[in-house]
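In this text, residue positions in the sequence shown follow our numbering: the first is -2, and each later residue adds one.
Ideal Cβ placement from N, Cα and C applies to all residues, glycine included.
Small disclaimer: the values here were computed from a predicted structure and weren't measured.
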Amino acid sequence: MNVRLFVLAVVSVVCAVAPAFGDIAPPALQWDASPEGNVAGYIVYVGQAPGSYDETYDVSRQTSFVYTKAVPGRAYFFSVAAYTSGSEVGPRSEEVLFLAGTPATLPLRSAAPMTSSPAADDAPRAVAARALDLGASRRSCTSSGECYEMETLAAVAGRATGLMHATDGRVIFMEDGRYVRVIENDQLVPTPALSVEDGSRIVALALDPGFEQTGFVYAGIVGEGADRQLDVVRYRAVANRLGEAAVIVAGLPLPEIGDASLAVDALRRVYVAMPRSTETGADRYSEQLLRFEQDGTTVRADGAAAPVYSSGYARPSSLVLGRAGHELWLGGADENGVGGLVRVSLDRESTGDTAIAQRVVVHHGTGVSSVAVPLPVADRSVNSEGDRPLTFVDETGAVFHLSGVRGDTGADPWMTPGQLGGIAVSVANGASGSDFYLAVASDTEPALSTTSIVRLRRK
C-alpha cells in the first residue's frame, strides 16, 4: 500500500479571542484530501502536549474538523492521519498548536517520511473505526456446538486488559497500562476515564460489587522506579471519568518483574494477589493473597497472619469475586509456568493461621491470563447461576468454559484463536446470561498489536 500523507493546511486553523469561555470560537481544522483512491477516511488526534494524544476522532472522508472542548488558556496539539479500507493507518501529519484564548497558531514537527507502514514507535495510538468495521458482526460456533454472533464494539492500538462488565452495562478496561477506558452504549468513550503519569502503570482493576450505587472503581498503580511499590487506589466514576482518588493500601513491595491482581468483596474488603519474589523486601508477601479492610487496615479476624489471607500463585493474573460473593477465583501460573485456577472460600472460619487455598480447578497447560464468573441475572428461569459456566482465557489466547467446577480437572478449549480471528487476552461475562466480552489481540507482541473489544451473543 502507498498512502500519500496529506499536509494540514495550517493557515486554515482559525480561532477568535473572547473574554468569556462561552464566547470562545472553537478551533477549525482543514486539510487537503489525499488523491489516493484507497483512502477510506481520516483520524484527527488531539492532545495537550507535543506528540502525545489522548483524544481521537474518526471523521470518515471529511476534510475538516471542529474541536468543541477547548478551555481558555490551555494549549491543544492537533494532527491528522489517513486510513485505508484495509485497516492500515498512515503516518501522522505535522502538528498544529492552538492556544485557547489567543489568535496564534504554530506548526510544529514535520510528518514522518512516507512509508507503506509506519514504524512501531511512531504508530498512532488509535484505530480507524471504519477500517475495523466496528459494529459489524459475524457468526462463530464453539467446540460444544453453540453459535454466537461476534460484534466488534471498539478497538485500541496496543493491549487491552482487565476487561470488566459493570451491571449498568458499561465495559471498563485498561489500555497499555496507561489508561482506563470505558465503552458505553456500545461506543468507546473518546476520552480516557483515567490516565497515569509517565513512569507509572495501572496493573489491575476491580469494581465495587455495589458499583451502580457507589461508582467505586479500584486500581492497582505501580511506580516504575527501581523500588517498585503497589498502591491500591479507590476512585469514583462520574460521567465516565474517575476522580476522588483515595489511597486504600500504600507501598506494597513488588519484585522487578511481576504484577498483582485485585478484587473487592461486598464488605468492600480489598484482596491483593501478590507475585513470587526472591528480592529482599518484596519477598515478604511472595505468592500470597492479602486481605484488607475498606480503610486499608488488616482484618482482625485473620489473626496473626494478617494481612495474609491465603496462598496464591507465582504469577497471578486475574482475581475475581465469585457467585453470590462467597468465593474468590484466582487465575495465574505456578513457578513452573503451569496455569490453573484456585477457589478461595470467603465463608471459612478463621483460625488465625494462613489458610491453604482450596484448589477446585486446575488447567494443566500454559498460564491462565483472565477469569470471569457469571454475573447475577434477574430471570433465573432463563439460565440459572448454578448452570452458567466459569470462563477463562489462557496464555495461548484460547477461551475455556467450565461448568460444575467441583474438583481438579483439565479442560479443552471452548473457542480457539483461529475461531476468534486473534488472541484472546481478557474476558468478562455479560449480565444477560447469554453473552460475554473478549479483548482479542492481533499479535502476541503488545507493541505491534491492535486489540478489539468483542461481544459474543448466543443465538
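query                                                                                                               : result
Buried versus exposed, by CB contacts within 10 Å (16 or more), Ser61                                               : exposed
Cβ shell of Ser197 (< 8 Å), same chain only, five flanking positions each side left out                             : Ile218, Val219, Gly220 and Glu221
Same chain, Cβ closer than 6 Å to Ala421, neighbours up to 5 away in sequence not counted                           : Val390, Gly394, Val396, Leu435 and Val437
Spatial distance of Pro88 from Tyr50 (CA atoms)                                                                     : 14 Å
Leu490 in three-state terms, based on DSSP                                                                          : As displayed, the chain neither begins before -2 nor continues past 456, which places residue 490 out of reach and without an answer.
Proximity below 8 Å, CB of Gly334 to CB of Val365                                                                   : no
Bridge-paired residues (DSSP) for Met271                                                                            : In the DSSP output, where bridge partners are listed per residue, Met271 has none listed.
Minimum length 3: unbroken beta strand (DSSP E) runs contained in the segment 206 to 270                            : 213 to 220, 226 to 235, 238 to 250, 258 to 261 and 267 to 270
Other residues of its chain near Thr188: CB distance less than 8 Å, five sequence neighbours each side excluded     : Asp51, Glu52, Asn237 and Arg238
One or two residues paired with Thr388 in a DSSP bridge                                                             : Ala369 and His398
C-alpha distance - Leu227 paired with Pro250, whole-angstrom precision                                              : 6 Å
Gly415: first and last residue of the uninterrupted alpha helix (DSSP H) it sits in                                 : Pro414 to Leu417
Whole-angstrom distance between Val179 and Thr448, CA atom to CA atom                                               : 14 Å
Sequence-distant residues of its chain with Cβ nearer than 6 Å to Ser283 (five each side left out)                  : Arg273 and Ser274
Nonlocal neighbours in the same chain, by C-beta distance under 6 Å from Phe208, ignoring five residues either side : Ala163
Residue range of the unbroken beta strand (DSSP E) whose run includes Asp55                                         : Glu52 to Asp55
Through-space distance from Tyr39 to Leu94, alpha-carbon basis                                                      : 19 Å
Buried versus exposed, by CB contacts within 10 Å (16 or more), Asp465                                              : Any answer about residue 465 is impossible in this case: the structure gives the chain only from -2 up to 456.
C-alpha distance - Asp280 paired with Pro252, whole-angstrom precision                                              : 8 Å
Burial state of Arg312, where buried means 16 or more other Cβ atoms lie within 10 Å                                : buried
Close beta carbons around Leu185, own chain, < 6 Å, minus the five adjacent residues each side                      : Ala151
Buried versus exposed call for Ala323 [16 or more other C-beta atoms within 10 Å across all chains shown]           : The sequence given here has His at residue 323, not Ala. By the 10 Å Cβ count, His323 comes out exposed.
Cross-strand partners of Leu160 (DSSP beta bridge)                                                                  : According to DSSP, Leu160 bridges with nothing at all.
Beta carbon of Thr81 nearer than 8 Å to that of Asn35                                                               : yes
Those residues which DSSP pairs with Leu343 across a bridge                                                         : DSSP output for Leu343 lists no bridge partner at all.
Beta-carbon spacing of Leu327, Tyr310 below 8 Å                                                                     : yes
Option in Asp195, Gly248, Val269 and Asp331 with minimal Cα separation from Tyr215                                  : Val269
Burial state of Asp262 (16 or more Cβ within 10 Å)                                                                  : buried
7 Å Cβ shell around Tyr176 - same chain, five flanking residues per side excluded                                   : Pro189, Leu191 and Ser192
Ala243 classed as buried or exposed, judged by whether at least 16 other C-beta atoms fall within 10 angstroms      : exposed
Which of helix, strand or coil DSSP assigns to Gly322                                                               : helix
Span of the beta strand (DSSP E), counted from its first residue to its last, around Asp432                         : Asp432 to Ala438
Distance between Ile254 and Thr413 (C-alpha atoms, nearest Å)                                                       : 29 Å
Euclidean distance between Cα positions of Thr363 and Val305                                                        : 27 Å
Residues sharing a beta bridge with Leu287, DSSP                                                                    : Val269 and Val305
Residues bridged to Val36 [DSSP beta-bridge criterion]                                                              : Thr81
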